[in-house]
Structures are given as structure tokens and as C-alpha cells.
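Position 241 of the sequence shown, counted from 1, bears residue number 241 in this note's numbering, the numbering being contiguous throughout.
All C-beta atoms in this analysis are idealised placements derived from N, C-alpha and C, irrespective of residue type, glycine included.
Input: a single structure, listed below in C-alpha cells.
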Amino acid sequence: MGTLAHVEFWLEDGATKATADELILAVEQEMQRIDQTMSPYIATSALSVINRDAATRPVIVSQELFDLLTDAHHIAVLTHGMFDITYASIGYQYDYRKHQKPNQAAIKKALTAINYQTVILDKSSLSVKFTDADVKIDLGGIAKGHAVKNCIAILKKAGIEHALISAGGDTTLLGDRIGRPWFVGIKHPRAEEKTAVQLPLSNESISTSGDYERYFIEDGVRYHHIINPKTGDSARNVVSVSIIGKNPTYVDALSTAIFVMGLQQGMALINDLPDYEAIIIDNQQTLHVSTGLQQD
């Protein structure tokens, strides 16, 4: 998944270090399992098989992957295509480490393949089919939330009542921090060591999408990994979006979608969703919060 993962939890008095080590290992193995399944950089992953074959035949996938693809479709509909896993049809042509980006001709050609409706999901056979040979998908905007969700479930099943798991910008909290809230910091988008805001949270998930995670600057323009599916270029309406809610998978995807939408359109959507809140930092580095957080 191209990021670091972090886990904290408390055990009951009398529990052994071996028990803790077993749970940490279980979390680590689950993260690795999901990476092996959903990474576009691993040739044998289920995602890579879909990208290779789904334009020529239906590809049968696991229930887990099918359900995640279904979630991605629902969020695409909810956000009018501002979250769209087929952004990878152009996204794979960016290389942020090598400062490489596609030219306008390549973007124009790829835009016709960026359309979530070209991904056909057949529930009866658990299969995926593409109706366009140029389509590629990427789950980078949703898979980390899914991974964190699964790992928290592992700890919860083991009887853990107080835990934190994060992967990149995605964090899920189980319970509180032994009588106190967890404090989760949102990184300042333009100051490496600074925190823009700290939030007291319990039993919540938070996901932050920022233009400072993977990027390069060329001729004064910042090219980063959050691609606007409508333009094939990096989204530049805001610099950071954090979404808070109960469902880690949806929180992950919504932070990407709202980043692409920008301040007005994104905040309007979040204010219509009763289970989610947003903190958006605009291009002037001004912080905006959704109505639910204002009432708090």
C-alpha cells in the first residue's frame, strides 16, 4: 500500500507479551494480505489480473474484493464520478518519484476510459468486466480504509476495547484512550513538522487526503497523486481534506472525492450526509469545518 501502518492497543491485566505479539502479527499479516490482493504494483494481485484480463473476459473475484468494488461504485454514484477508480486509466502514467507526467495528448486519449460505468459487476457470478479495452482501475483511494477496518475487527474479536490503527492518512479508533479521547492530528499541508489541528475522537474513523503526500513541482505547478477524473490532471481546488465518520472504507473514499470536488461542492455534499463530517484546508491555508463540527 506504499505507506507505514501503526497499531496501539491495551490488553487486560494479566495478559502476556506473547498475546500482544500475536495480535500485532495478525494485524501485520492482514495488511500484507490486502496489499498482495489489491496492489497495482504486484503482477500476481487480483487487481492486476482484473486490469490485464477484464476487457476480454469476466474475471471472477473474491466476495471481499467484489464488495469493495461495489462500495467504490456506490461512492462514485454518490459523488457524481468525482471518486472514480478508473482514474487509473491515466493515473498509471504519472511517476512522482521520477517527476514524470503524461502529456496533454495522452490525457485526452485516456479521458474516454475514465468512467466508472465501464466497470460491470455481476453479483451472481462475482465477476468484473470492462466495456472499454483502455480501462484500468486502482483502489488506492479506498483500500487502506478497508484494511484498517479489517484490522480493527481482528482486535475487537480478540476482546480488545481500546485501540488505534492507522495506515497512511487513514486512522480508526476503537473505544477511547482509557478514559480519555484519542487525539488525532491533521498535518499542516505546508509545514513538515506542524499540525494544523488536533481532534479529540473516540470510536471514529478519520481519513486525510493531501496534495503533499506524493508529488513533484515543475515550472511552479504541483503535480500530486489525487487525480481529478474529469480532467486527468491533479486536483487543485484545496490542499487537504479530512473526513470523520464510523465507516473506515467510506471515510477513505470520501476524503478523496471531497478533495477533488473542492470546498463549496464538497462541503455541500458532506453537510447532506448525516454520518460524516469534514475539515477542509483551502489553497489559502484557511481551515473550514462542516456544520456538525461547528455545532460541537
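| Asked | Found |
| --- | --- |
| Measuring straight from C-alpha to C-alpha, what distance separates Ile152 and Asp219? | 43 Å |
| Give the single residue among Val238, Asp53, Gly232, Ile50 whose Cα lies nearest to the Cα of Lys101. | Gly232 |
| Where Tyr276 and Asp252 are concerned, what is the direct C-alpha to C-alpha distance, given to the nearest angstrom? | 11 Å |
| Could you work out which residue in Asp35, Asp67, Leu287 is closest to Lys144 when comparing CA atoms only? | Asp35 |
| How would you write the range of the beta strand (DSSP E) that Asp252 sits in, first residue to last? | Run containing Asp252: none in the beta strand (DSSP E); it sits in the alpha helix (DSSP H), 248 to 261. |
| Based on the DSSP secondary-structure assignment, which residues constitute the bridge partners of Ser48? | Partner(s): none; Ser48 has no beta bridge. |
| In or out: Thr16 buried (at least 16 other Cβ within 10 Å) or exposed? | exposed |
| Assuming contact is defined by CB atoms lying nearer than 8 Å, are Ser124 and Ile60 in contact in what I supplied? | no |
| How is Asp282 classed by DSSP in three states: helix, strand or coil? | strand |
| Tell me the DSSP secondary structure of Thr16 in three-state form. | coil |
| Between the alpha carbons of Leu293 and Leu199, how many angstroms are there, rounded? | 11 Å |
| Going by beta carbon distance, what residues of the same chain come within less than 7 Å of Glu12, once the five residues before and after it are set aside? | none |
| Between the beta-carbon of Leu281 and the beta-carbon of Ile270, is there less than 8 Å? | Checking the sequence shown, residue 281 turns out to be Ile, not Leu. No. |
| Is it a yes or a no for the segment 258 to 267 touching the segment 163 to 180, going by three-plus beta-carbon pairs under 8 Å? | no |
| Can you tell me where the alpha helix (DSSP H) holding His73 begins and where it ends? | 63 to 78 |
| I'd like to check one pair, Phe130 with Ala327: are the Cβ atoms closer than 8 Å? | Lying outside 1 to 296, the shown extent of the chain, residue 327 is not represented and no answer is given. |
| Roughly how many whole angstroms lie between the Cα atoms of Asn150 and Ile75? | 19 Å |
| Could you check the C-alpha separation between Ser234 and Ser202 for me, to the nearest Å? | 33 Å |
| Given a cut-off of 8 Å on the beta-carbon distance, is the pair Ile227 and Ile24 in contact? | no |
| Report the start-end ranges of each beta strand (DSSP E) in the segment 87 to 156 that is 3 residues or longer and not cut off at the edges. | 119 to 122, 127 to 130 |
| Contact defined as beta carbons within less than 8 Å: I believe Arg236 pairs with His225. What is the distance between those atoms, to the nearest angstrom? | Not confirmed; about 13 Å, so no contact. |
| Measuring straight from C-alpha to C-alpha, what distance separates Gln117 and Phe83? | 12 Å |
| Expressed to the nearest angstrom, what Euclidean distance is found between the alpha-carbon atoms of Gly37 and Gln63? | It is worth fixing the name first, because residue 37 is Thr in this sequence and not Gly. Looking at the two C-alpha atoms, the distance is approximately 12 Å. |
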